[in-house]
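The next block holds one structure in the form of structure tokens; read it before the comments.
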Amino acid sequence: MPYCPKCGYEYNQNVEKCPDCDEQLVDSPPLPDDSDESNDADEGELVLFYATPDMVQMEMLKGALENEDITVLVKRGTGVHAQFGALLPGSHNLFKMWVTDKNLQKALEIKEQVIGSEEE
Ligand SMILES: [Zn+2]
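The sequence shown runs contiguously to residue 128 in our numbering.
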């Protein structure tokens, strides 16, 4: 079935243009807006830079980052990011922290100051 790439409306096979948007129809529906992970994506790509099961540590780090005007997105691990979950056992109890890629270097430096290097 053809779909309008703009409004996502599904049309009959014999329709070629969306009458509302004046857009050429395409074969597959437009991708759903995956705004879940990318609310602040206009500032750059969000990258996962730290994950910890320790809420106090997470709060400390978040506070330090925000003091430096670094926007940080914190999510509790849910297994949505299977690629990270696979690397981090017990990801259900992890607080994962994302920053935009342009802030990554600074964020890592702050992390080193606040938390130090990774401990076993
Ligand atoms: Zn349309």
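A virtual CB, placed ideally from N, CA and C, is assigned to each residue, including glycine.
Residue closest to residue i, alpha-carbon to alpha-carbon, out of the options
i, options, result
"residue 13", "37, 24, 111", "37"
"residue 35", "18, 27, 102", "18"
"residue 101", "83, 114, 113", "83"
Residue i: CB within 8 Å of a non-hydrogen atom of ligand 1
i, result
"residue 17", "yes"
"residue 14", "yes"
"residue 28", "yes"
"residue 24", "no"
Integer-rounded CB distance, given that residue j should sit under 8 Å from residue i
i, j, result
"residue 69", "residue 104", "Not quite, the Cβ-Cβ distance comes to about 12 Å (not below 8 Å), so this is no contact."
"residue 107", "residue 79", "7 Å"
"residue 81", "residue 112", "Their Cβ separation, rounded to whole angstroms, is 13 Å, which puts residue 81 and residue 112 out of contact at 8 Å."
Residue i, DSSP secondary structure in three states
i, result
"residue 88", "Model confidence at residue 88 stands at a pLDDT of 47, short of 50, so the residue's coordinates are unreliable; what they give is reported in the following sentence. Reduced to three states, the DSSP call for residue 88 is coil."
"residue 23", "coil"
"residue 98", "Here the model assigns residue 98 a pLDDT of 48, short of 50, so the residue's position is not dependable and the matter cannot be decided."
Proximity of residue i and residue j at Cβ, strictly below 9 Å
i, j, result
"residue 20", "residue 27", "no"
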